[in-house]
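Structure below.
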């Protein structure tokens, strides 16, 4: 099971440098040639490890999950190009609505300083043509975007001048914002439990789900936890990340949830001193930015984080030891950006995101299993869309409880725009 597409292609391409045998018998390579440990080319983003996905280490349910994902992914690639612009517009619409909801909650909760809110975002490209394309794409979807000179970019984020990649072209997306999702979510949980009457039951891992039918005013679902406790419900929302398709399969709804784990990495690093100007402290990086399909952000004066990569390497428990160049690349960029920070590639954390075959999240009720709702498939854009799509799930559940789900065809998003329910419905895969 030791086969990984990008590792083979990437290392073969960049390790075939002229070799030189030294007097002591050791072998070196011409460091003037491109290699994996410098910045000559953009590192690979995507990787596929097929034997981890369908090999002996995978369970039958996991293999079926991968096959479902690939079937719909190929269908989208081969026959869904005509809908690509519609899907992109849908993602942008959700992101805008989500931003409005997040900003309103930050304002209402008076937590701007706690979440480390940063306004503006820099998209860095290796070519001017790519930067100009980014500007046009942003403007096509009604977002402000400005092509900056390099001096203007480094004024917004001074640490960029340390990057050895030259030239770089910067686009400033002024309407974007970033903040600490951890602090924000803790704020929401506190709000839910103290003022909205929501109870959290922590009974350990869910070990089984059963669909009971819900006939004669009886509950529709039974949930069994690791401690042996069982609870029954009229409505069940599956929002279990990468485990959602396996759980949906237990309820006879596997076909409606063809998502699959997409592994990425995040590397958090700290500096010994705070980022300060005079008596005022700033986030370590003043502006979040993207470069070579990686993202760098900061939410306090001593910490920053690089994140990126998308790898199909199986489910978490099987994929934890699958090798990757991801941590090595992230650490290399972090050391250049913050040479005063302690950066160790072993500190990189694996993160598994529920990847949808058509890039759109799965939001709404599964018609074949009444009372079952899905909220998954956000991929790498969970923090970008999840508050808006959660609002959609709440509307779908409310409509079912009020018996008017069959008459409502759109969701109302937090910014008061409307989106067709069919676009996000899990039933689109059946």
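In my numbering, the protein residues as written are 799 to 1228.
All C-beta atoms in this analysis are idealised placements derived from N, C-alpha and C, irrespective of residue type, glycine included.
Keep in mind that this is a model prediction, so the values were computed, not measured.
Express the C-alpha separation of residue 1042 and residue 1004 in angstroms, rounding to a whole number.
Position 206 of the chain shown holds residue 1004. Position 244 of the chain shown holds residue 1042. In this structure, the alpha-carbon of residue 1004 lies about 12 Å from that of residue 1042.
Taking only three categories from DSSP, how would you classify residue 1208?
Within the chain shown, residue 1208 is the residue found at index 410, counting from 1. In the structure shown, residue 1208 sits in a strand (DSSP, three-state: E or B).
Straight-line Cα distance separating residue 1133 from residue 1026:
Counting from 1 along the chain shown, the entry for residue 1026 is found at position 228. Counting from 1 along the chain shown, the entry for residue 1133 is found at position 335. Distance between the alpha carbons of residue 1026 and residue 1133: 48 Å.
Let me know the secondary structure DSSP gives residue 884 once reduced to three states.
Mapped onto the chain shown, residue 884 falls at position 86. Residue 884: helix per DSSP, three-state reduction.
Can you find the residues in the same chain that come closer than 8 Å, C-beta to C-beta, to residue 1065, ignoring five residues on each side of it along the sequence?
As a position in the chain shown, residue 1065 is number 267, starting the count at 1. 1103, 1104, 1105, 1125, 1128, 1129, 1132, 1141, 1143, 1145, 1146 and 1147, listed in sequence order.
On the DSSP bridge assignment, give the partners of residue 969 in chain order.
Residue 969 sits at position 171 when you count from the first residue of the chain shown. 921 and 945, per the DSSP bridge assignment.
Measure the alpha-carbon distance for residue 951 versus residue 1188 and round it to whole angstroms.
Numbered from its first residue, the chain shown carries residue 951 at position 153. Numbered from its first residue, the chain shown carries residue 1188 at position 390. Approximately 35 Å between the Cα atoms of the pair.
Could you spell out the range, first to last residue, of the beta strand (DSSP E) harbouring residue 1097?
On the chain shown, position 299 is the one that residue 1097 refers to. Run containing residue 1097: 1092-1098, per the beta strand (DSSP E) assignment.
Rounded distance between the beta-carbons of residue 1170 and residue 1164, thought under 8 Å:
Locating residue 1164 in the chain shown gives position 366, counting from the first residue. Locating residue 1170 in the chain shown gives position 372, counting from the first residue. Confirmed, about 5 Å.
Taking one C-beta from the segment 1039-1056 and one from the segment 1082-1099 each time, how about it: are there three or more such pairs within less than 8 Å?
The answer is no - the segment 1082-1099 does not touch the segment 1039-1056, with fewer than three Cβ pairs under 8 Å.
Check the DSSP bridge columns for residue 1176 and list the partner residues they point to.
Here residue 1176 refers to the residue found at position 378 when the chain shown is read from its first residue. Answer by DSSP bridge pairing, in chain order: 1153.
Please check the pair residue 1087 and residue 922, which I expect to be a contact at CB under 8 Å, by giving their CB distance rounded to whole angstroms.
In the chain shown, residue 1087 corresponds to position 289, counting from 1. In the chain shown, residue 922 corresponds to position 124, counting from 1. With 8 Å as the limit, residue 1087 and residue 922 qualify as a contact, their Cβ atoms being about 6 Å apart.
What is the DSSP secondary structure of residue 996, counted as helix, strand or coil?
To locate residue 996, count along the chain shown from 1; it is residue 198. Correct three-state label for residue 996: coil.
Taking its Cβ as the centre, do 16 or more other Cβ atoms sit within 10 Å of residue 932, making it buried, or is it exposed?
In the chain shown, the residue the question calls residue 932 occupies position 134. Residue 932 should be labelled buried.
Does residue 969 pass the burial test, meaning 16 or more other C-beta atoms within 10 Å, or should it be called exposed?
Numbered from 1 along the chain shown, position 171 holds the residue referred to as residue 969. Counting Cβ neighbours within 10 Å, residue 969 comes out buried, since at least 16 surround it.
Can you tell me whether DSSP reads residue 806 as helix, strand or coil?
What you label residue 806 is simply residue 8 of the chain shown in a count that begins at 1. For residue 806, the pLDDT reaches just 33, beneath the cut-off of 50, and the residue's location in the model is therefore unreliable, although a value from the coordinates is still provided. Three-state result, residue 806: helix.
Contacting residues, own chain, Cβ-Cβ under 8 Å from residue 1093 (five flanking each side not counted):
By one-based count along the chain shown, residue 1093 stands at place 295. A distance below 8 Å between beta-carbons, with the five flanking residues on each side excluded, links residue 1093 to the following residues of its chain, in chain order: 1086, 1087, 1104, 1105 and 1106.
Cβ shell of residue 910 (< 6 Å), same chain only, five flanking positions each side left out:
For the purposes of this step, residue 910 is taken as the residue at position 112 of the chain shown. For residue 910, where only same-chain residues beyond five positions count, the Cβ hits under 6 Å are 904.
To the nearest angstrom, how far is it from the Cα of residue 975 to the Cα of residue 916?
Sequence index remark: in the chain shown, residue 975 carries index 177 (1-based). Sequence index remark: in the chain shown, residue 916 carries index 118 (1-based). Going by the C-alpha atoms only, they are around 6 Å apart.
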